[in-house]
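In what follows, a single structure is set out as structure tokens and then discussed.
Residue numbers (our numbering), protein chains in the order written: chain X, 188 to 325; chain Y, 1326 to 1453.
Below, the structure written as structure tokens:
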């Protein structure tokens, strides 16, 4: 009876001490940090994503003034920036795991990950800058 | 130097027969990749809104064109599927729903939820 927790509590999503116990284990010897980042950004993207999909699909089909007006409000600018950052971090982790499965030589994997990081940084920089311009230029 | 481990996709064509659970799992990845491509279009759109002028006019007329509308619709389907199935994955990560019955039931709920959210969003776009 020393451990009353069920097995369900022993996943890394629920129990921070799992990190200490499983570090450097597994075939790749790393990756729990990225695994957890992917899950935490997934959690954040549930409310952010629902807000985003509801408002942005509508904005995308509307005229420029509506989209520009919406993004000049502090709350929506903040929510969109948070959505972009959480979404792109989530995308980076997800695509890295896809590459790990399908890019089969070390050199190509390193190159693919470098290109992916560069592309993600450009997308994050450009999209956040665009939202900031709309927010500050009201 | 090839890596010393089994290389994907090594199971699917040879050893697996079609099941809805594995199909939904692959669909989660495919929609994830589609959404990554969509993030390029999303950034393009945000930059166009910020830039205004001709760039926005061209972007806007592309989105409103039949091809643009279909792409946006497919984006919303991929988004809501990935969202619903992602919640199912989070439940698994937290230790729930591993029984075969739950895995199948969750799969059908995910399909229904994704369709419902897509319909609600587009109803909001056209009627709201």
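By construction, the Cβ of each residue, glycine as well, lies at the ideal position given by its N, Cα and C atoms.
Quantities reported herein were computed from a predicted structural model and do not represent experimental measurements.
Are the C-beta atoms of residue i and some chain Y residue less than 8 Å apart?
{"i": "residue 228 of chain X", "result": "no"}
{"i": "residue 245 of chain X", "result": "yes"}
{"i": "residue 297 of chain X", "result": "no"}
{"i": "residue 337 of chain X", "result": "No answer is possible for residue 337 of chain X: it lies beyond the span of chain X, which begins at 188 and ends at 325."}
{"i": "residue 269 of chain X", "result": "no"}
{"i": "residue 276 of chain X", "result": "no"}
{"i": "residue 285 of chain X", "result": "yes"}
{"i": "residue 321 of chain X", "result": "yes"}
{"i": "residue 265 of chain X", "result": "no"}
{"i": "residue 240 of chain X", "result": "yes"}
{"i": "residue 282 of chain X", "result": "yes"}
{"i": "residue 236 of chain X", "result": "yes"}
Rounded C-beta distance between residue i and residue j? I'm assuming under 8 Å.
{"i": "residue 239 of chain X", "j": "residue 267 of chain X", "result": "7 Å"}
{"i": "residue 1431 of chain Y", "j": "residue 1422 of chain Y", "result": "6 Å"}
{"i": "residue 1368 of chain Y", "j": "residue 310 of chain X", "result": "5 Å"}
{"i": "residue 318 of chain X", "j": "residue 1371 of chain Y", "result": "6 Å"}
{"i": "residue 1384 of chain Y", "j": "residue 1375 of chain Y", "result": "With a Cβ gap of about 11 Å, residue 1384 of chain Y and residue 1375 of chain Y do not count as contacting."}
Going by the DSSP bridge assignment, what does residue i pair with across the sheet?
{"i": "residue 253 of chain X", "result": "Paired residues: none, contrary to the question."}
Between which residues of its own chain and residue i is the CB-CB distance below 7 Å, once the five residues before and five after are set aside?
{"i": "residue 1443 of chain Y", "result": "1401, 1402 and 1405"}
{"i": "residue 314 of chain X", "result": "271"}
Excluding the 5 residues preceding and the 5 following residue i in the sequence, name in chain order all residues of the same chain whose CB lies nearer than 8 Å to its CB.
{"i": "residue 296 of chain X", "result": "286, 287 and 290"}
{"i": "residue 189 of chain X", "result": "Per-residue confidence for residue 189 of chain X stands at a pLDDT of 44, beneath the threshold of 50, marking its modelled position as unreliable; the derived number appears in the next sentence. Result list for residue 189 of chain X: empty, nothing under 8 Å."}
Kindly say whether residue i, judged by its beta-carbon, lies nearer than 8 Å to any beta-carbon of chain X.
{"i": "residue 1411 of chain Y", "result": "yes"}
{"i": "residue 1365 of chain Y", "result": "yes"}
{"i": "residue 1425 of chain Y", "result": "no"}
{"i": "residue 1357 of chain Y", "result": "yes"}
{"i": "residue 1387 of chain Y", "result": "no"}
{"i": "residue 1401 of chain Y", "result": "yes"}
Please state whether DSSP places residue i in a helix, a strand or coil.
{"i": "residue 239 of chain X", "result": "helix"}
{"i": "residue 1343 of chain Y", "result": "coil"}
{"i": "residue 1379 of chain Y", "result": "helix"}
{"i": "residue 1422 of chain Y", "result": "coil"}
{"i": "residue 1415 of chain Y", "result": "helix"}
{"i": "residue 212 of chain X", "result": "coil"}
{"i": "residue 1427 of chain Y", "result": "helix"}
{"i": "residue 1401 of chain Y", "result": "helix"}
{"i": "residue 260 of chain X", "result": "coil"}
{"i": "residue 218 of chain X", "result": "coil"}
{"i": "residue 1432 of chain Y", "result": "helix"}
{"i": "residue 1390 of chain Y", "result": "coil"}
{"i": "residue 324 of chain X", "result": "coil"}
{"i": "residue 248 of chain X", "result": "coil"}
{"i": "residue 188 of chain X", "result": "Legend: pLDDT at residue 188 of chain X = 40, less than 50; position of this residue unreliable, value from coordinates given subsequently. Residue 188 of chain X: coil per DSSP, three-state reduction."}
Cβ-heavy atom distance between residue i and the ligand ADP below 7 Å?
{"i": "residue 1398 of chain Y", "result": "As far as ligands go, the structure on display features none, and thus does not contain the ligand ADP."}
I'd like the list of long-range same chain contacts for residue i, defined as Cβ closer than 6 Å, with 5 residues on each side in sequence excluded.
{"i": "residue 255 of chain X", "result": "321"}
{"i": "residue 299 of chain X", "result": "286 and 290"}
If we define contact as Cβ-Cβ less than 8 Å, is residue i a contact residue for chain A?
{"i": "residue 1380 of chain Y", "result": "The structure shown contains no chain A; its protein chains are X and Y."}
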